[in-house]
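**Q** Residue numbers (my numbering): 2 to 886. Before I ask anything, here is the structure I am working with.
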């Protein structure tokens with residue numbers, strides 16, 4: 002109990018210390034600015050939901066949906082097991098209905114509904130009227146509902162979402178032939194935006210080439226100065242012409258004003274006009290992956306008497322990105338040293354599918370940046386929250402149009418791809434993290450005229466410096482592009498720059514899917530070590546070349562970097578097995594290769610939010626089946642390994658002339674002999690039996706890692722895997738809890754086949770159930786994860802984990818207590834509907850809640866039993882049992 006209380010206090014202290022570093026997420030593409038007349042409300046709470054089509058007219062106001070489930074969005078169609086590939090997910094129609102009464106205070110405002118994404122093809126009705134048919138699952142669906150809302154009475158939004166196969170829009174390929182999964186539902190946020198009748202528009206809604214909304218671009222960027230170009234689209238929906246002043250204020254994080262520019266504008270009634278200006282910034286703080294500095298840009302529209310009638314804030318990063326043919330990559334006017342390395346990412350998560358709330362988008366980005374990765378290839382238009390995280394954490398985003406190995410000759414398909422390209426640029430064009438566009442369809446045999454049209458659209462939509470589009474080397478129309486992907490080194494052209502978009506995976510064929518890159522975390526230590534070596538430098542491979550970290554680092558400078566395949570294990574449609582090649586599993590639990598990648602980052606400490614600086618990790622579990630060689634991952638100049646207290650020391654020194662990967666894998670040969678460790682245990686010297694790895698820089702120890710062998714399983718330890726981002730009480734936020742089977746010292750017992758049952762009380766609920774293998778949950782490689790979702794009330798949450806089949810000698814239960822934080826986002830919902838969901842009250846599942854006295858008695862019984870075990874050991878030794886084994 003004391004341990005858990007101390008852990009909780011430490012956790013709360015960590016939250017307080019890092020409050021200034023908590024992530025900030027945009028709403029409908031911007032950040033709300035107080036006292037501007039513009040307000041944003043979350044529409045996520047209290048939707049009626051049913052999986053499947055229903056007879057009648059479920060889009061009408063008076064349709065009886067009383068038998069439907071009440072849910073909050075982001076929402077998926079179902080919870081799935083961690084192993085859910087091979088089209089195990091539902092495909093088909095689902096319906097959502099939201100009842101709400103808008104605040105009378107908003108009457109007279111312009112009102113827009115903004116869905117960040119609805120998977121598949123969708124129809125959206127407001128009070129029985131069809132407002133929008135949308136095709137595609139990765140871009141926003143935006144509706145002007147100003148003249149459709151009823152004031153003083155209930156309104157209904159109805160959404161028909163269909164994620165079934167449809168070749169008429171991208172991705173287009175049937176899921177049973179697809180290398181990822183469509184999942185389904187309103188799986189991203191939904192917003193209500195209210196503002197005055199003179200306002201800054203939304204670029205995706207306006208559908209103007211290189212226009213609409215706010216467009217920020219840069220020119221002549223250097224450490225000395227930079228030009229920030231500004232363009233804001235102002236619409237006047239009033240009944241008279243308006244004279245306005247548009248003011249742009251650039252501020253530092255501290256609030257200090259850097260520059261102000263104002264432009265006067267006359268906007269005719271029923272029309273829109275642009276306010277165009279620029280700022281020259283002297284000695285700018287430039288954005289780069291190693292220094293992701295973000296300014297606040299406040300845009301305000303002022304009318305008569307200098308009264309602000311609309312406005313919002315954007316975060317921008319001043320930077321330049323240039324691909325200079327044989328000179329390679331230049332960032333902010335300087336050549337980039339070495340290779341810029343990253344990863345690919347699919348958006349699904351164990352159990353949830355695609356339904357990752359904003360906090361989980363942040364955690365994904367944070368974990369990848371912790372590993373030293375600097376580029377993420379997105380595979381489709383990603384959640385805005387992930388792009389926000391990339392801006393803040395220093396991750397370049399390689400943004401792709403949705404598409405994979407599929408082309409439909411019907412003209413409607415191409416037109417929808419072109420629309421997707423335009424809209425992906427409009428939604429992401431102002432982000433500092435934007436690296437380059439990939440407008441072509443991934444691994445697809447498309448016609449040459451498509452490749453040219455896709456590039457033309459990129460140039461039309463972003464006609465300013467530091468924006469570039471890429472195409473596969475060898476694909477149709479690749480000669481139009483200056484940046485090419487998938488380079489063939491023997492065929493490099495001097496007028497091109499190259500980036501490797503995928504590397505690392507190497508299967509025998511696309512049916513068996515055998516490769517030493519494909520390793521499930523539960524397969525244990527040796528397979529994971531082999532996976533890490535496969536990604537680093539597989540010296541054991543003799544009969545075919547493998548593109549790995551080492552070989553990429555030795556490529557010519559014209560090949561500027563690479564994204565490996567793939568960051569996380571993920572579900573697939575066409576194959577029965579999930580993709581196991583991630584450096585983390587589907588719950589984001591790390592494998593050995595995660596630490597290998599982490600060791601490639603710079604040892605220099607910086608002010609990044611992400612973990613950085615020197616690191617060291619012993620990739621050895623000290624089990625009877627662990628290898629004799631001890632592997633250590635570190636980015637230090639020198640590593641010292643000590644075996645036992647006062648035992649043998651091994652020294653590794655990095656070769657300063659090494660030209661490949663920054664930090665090769667460190668292997669101390671023949672350093673572990675299980676029988677020696679067994680003898681130490683028999684002699685009662687368990688505290689002296691450990692591995693100690695120390696990382697040295699300039700002769701000084703800067704980091705260390707200590708590893709003990711695990712003893713008898715003593716208790717279950719619970720921890721929050723939240724990257725210091727607290728659970729928000731908004732009804733849909735989710736956090737991962739990891740249960741670990743540990744000995745008295747806290748060392749994880751990896752070789753354990755237990756099953757853990759979770760229980761919860763307070764302001765949270767467990768997601769999934771026995772049918773999807775989440776509760777009870779089998780212990781895999783020492784751990785069992787579970788997902789906890791918040792209610793709409795902030796407060797204490799208590800998780801307990803116990804053995805499914807408890808016993809006197811089995812590990813004691815573990816308890817974790819933490820608190821969700823209040824939701825600071827304004828919400829629009831029906832209180833009646835919310836009360837039916839059970840989300841407005843505490844959720845208590847602890848039917849067998851134990852008292853502190855019962856727990857203490859259980860602990861004492863266990864200690865007594867351990868004394869009996871000692872007596873058994875003495876008797877066995879006296880009778881010669883086990884002396885020579």
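The C-beta atom is built at its ideal place from N, Cα and C for all residues, glycine as well.
Mind pulling the beta strand (DSSP E) runs of 3 or more residues that sit fully within the stretch 456–519?
**A** Entirely contained in the stretch 456–519, the beta strand (DSSP E) runs reaching 3 residues are, in chain order, 471–473, 484–486 and 498–501.
**Q** Just checking, does the stretch 736–747 make contact with the stretch 695–715 on the three C-beta pairs under 8 Å criterion?
**A** Because the criterion of three Cβ pairs below 8 Å is met, the stretch 736–747 and the stretch 695–715 touch.
**Q** Tell me the rounded alpha-carbon separation between residue 465 and residue 456.
**A** Each residue's Cα considered, the two are about 14 Å apart.
**Q** Could you tell me the alpha carbon to alpha carbon distance between residue 676 and residue 627, rounded to whole angstroms?
**A** Residue 676 and residue 627: Cα-Cα distance of roughly 12 Å.
**Q** With 16 as the cutoff for other CB atoms within 10 Å, does residue 289 come out buried or exposed?
**A** Buried, by the Cβ-count rule.
**Q** Comparing alpha-carbon positions, which option in 303, 148, 329 and 738 lies nearest residue 495?
**A** Of the candidates 303, 148, 329 and 738, the one whose C-alpha sits nearest the C-alpha of residue 495 is 329.
**Q** With a 10 Å radius around its C-beta and 16 neighbouring C-beta atoms as the bar for buried, classify residue 551 as buried or exposed.
**A** Answer is buried; the Cβ neighbour count reaches 16.
**Q** Going residue by residue through the stretch 672–714, where are the continuous alpha helix (DSSP H) segments of at least 4 residues, counting only ones entirely within it?
**A** Runs of the alpha helix (DSSP H) inside the stretch 672–714: 675–683.
**Q** Starting from the Cα of residue 239, find the closest Cα among 275, 259 and 197 and give me that residue.
**A** Residue 239 has its Cα closest to that of 197, out of 275, 259 and 197.
**Q** Have a look at residue 80 and residue 351 and give me their C-alpha separation to the nearest angstrom.
**A** Spanning the two alpha carbons is a distance of roughly 9 Å.
**Q** Work out the CA separation of residue 365 and residue 608 for me, nearest whole Å.
**A** Going from the Cα of residue 608 to the Cα of residue 365 covers about 20 Å.
**Q** Counting only the same chain and skipping the five closest in sequence on each side, list residues whose C-beta sits under 6 Å from that of residue 842.
**A** Residue placement at residue 842 is poorly supported in this model, since its pLDDT is 33, which falls under 50; the coordinates still yield a value, given next. Excluding positions up to five away in sequence, the list is empty.
**Q** Measure the CB-CB distance between residue 287 and residue 320 and report whether it falls below 7 Å.
**A** Yes, the Cβ-Cβ distance between residue 287 and residue 320 is below 7 Å.
**Q** Terminal residues of the continuous beta strand (DSSP E) containing residue 315?
**A** From DSSP, the beta strand (DSSP E) with residue 315 extends over 309–317.
**Q** Given a cut-off of 7 Å on the beta-carbon distance, is the pair residue 904 and residue 59 in contact?
**A** Residue numbering for the chain in the displayed model covers 2 to 886; residue 904 lies beyond these limits and cannot be assessed.
**Q** Compute the Euclidean distance between the alpha carbons of residue 501 and residue 776, then round it to the nearest angstrom.
**A** When rounded, the distance between both Cα atoms is 41 Å.
**Q** Note down, in chain order, each residue of its chain lying with its Cβ closer than 7 Å to the Cβ of residue 388, except the 5 sequence neighbours on either side.
**A** For residue 388, where only same-chain residues beyond five positions count, the Cβ hits under 7 Å are 398, 429, 432 and 434.
**Q** Using C-beta distances below 8 Å, list every residue in its chain close to residue 484, excluding the 5 sequence neighbours before and after it, in chain order.
**A** The answer, listed in chain order, is 324, 437, 469, 470, 471, 472, 497, 498, 499 and 500.
**Q** Below 8 Å CB to CB, which residues in the same chain sit around residue 340 once its five sequence neighbours on both sides are set aside?
**A** These residues qualify, in order along the chain: 553, 554, 556, 560, 561, 562 and 563.
**Q** Which runs of the alpha helix (DSSP H) spanning at least 4 residues fall entirely within the stretch 375–461, listed in chain order?
**A** Whole alpha helix (DSSP H) segments, 4+ residues: 385–394 and 412–429.
**Q** Quick one: grab the DSSP three-state call for residue 553.
**A** Looking at residue 553 - three-state DSSP - the assignment turns out to be helix.
**Q** Return the first residue and the last residue of the alpha helix (DSSP H) that residue 361 is part of.
**A** Unbroken alpha helix (DSSP H) run through residue 361: 359–371.
**Q** For the stretch 744–799, list the beta strand (DSSP E) runs that are entirely contained and at least 3 residues long, ordered along the chain.
**A** The stretch 744–799 contains these whole beta strand (DSSP E) runs: 756–763, 765–767 and 784–791.
**Q** Using a 10 Å radius around the Cβ and a threshold of 16 neighbouring Cβ atoms, would you call residue 153 buried or exposed?
**A** Residue 153 should be labelled exposed.
**Q** Select from 132, 347, 504 and 54 the residue whose C-alpha is nearest the C-alpha of residue 165.
**A** Residue 165 has its Cα closest to that of 54, out of 132, 347, 504 and 54.
**Q** If you follow the beta strand (DSSP E) that residue 63 is part of, which residue opens it and which one closes it?
**A** Counting along the chain, residue 63 falls outside any beta strand (DSSP E), and DSSP gives it neither H nor E.
**Q** Can you list, in chain order, the residues of its chain whose CB lies under 6 Å from that of residue 739, leaving out five sequence neighbours each side?
**A** Cβ neighbours of residue 739 beyond the five flanking positions: 720, 722, 784 and 786.
**Q** Check whether the Cβ atoms of residue 312 and residue 37 sit closer than 7 Å, and answer yes or no.
**A** In this structure, residue 37 lies closer than 7 Å to residue 312 by Cβ.
**Q** Does residue 32 come out as helix, strand or coil in the three-state DSSP assignment?
**A** Correct three-state label for residue 32: strand.
**Q** Can you round the beta-carbon distance between residue 1 and residue 792 to whole angstroms, since I take them to be within the 8 Å contact cut?
**A** As displayed, the chain neither begins before 2 nor continues past 886, which places residue 1 out of reach and without an answer.
**Q** In chain order, what residues of the same chain have a beta carbon less than 6 Å from the beta carbon of residue 440, not counting five sequence neighbours either side?
**A** Excluding residues within five positions, the ones whose Cβ falls inside 6 Å are 402, 422, 455, 459 and 470.
**Q** Starting from residue 529, trace the alpha helix (DSSP H) in both directions and tell me its first and last residue.
**A** Residues 526–537.
**Q** Extract the residue ranges of the beta strand (DSSP E) inside the stretch 267–340, only unbroken runs of 3 or more that lie entirely within it.
**A** Counting whole runs of 3 or more residues, the stretch 267–340 contains the beta strand (DSSP E) stretches 273–283, 296–303, 309–317, 322–324 and 330–332.
**Q** Would you decide whether residue 139 is buried or exposed? Buried here means 16 or more other CB atoms lie within 10 Å of its CB.
**A** Classification of residue 139: buried, given that the 10 Å Cβ count is 16 or more.
**Q** For residue 857, count neighbouring C-beta atoms within 10 Å of its own C-beta (all shown protein chains included) and say buried if the count is 16 or more, exposed if not.
**A** Under this definition residue 857 is an exposed residue.
**Q** I need the boundaries of the beta strand (DSSP E) containing residue 43, first residue and last residue.
**A** Start and end: 40–43.
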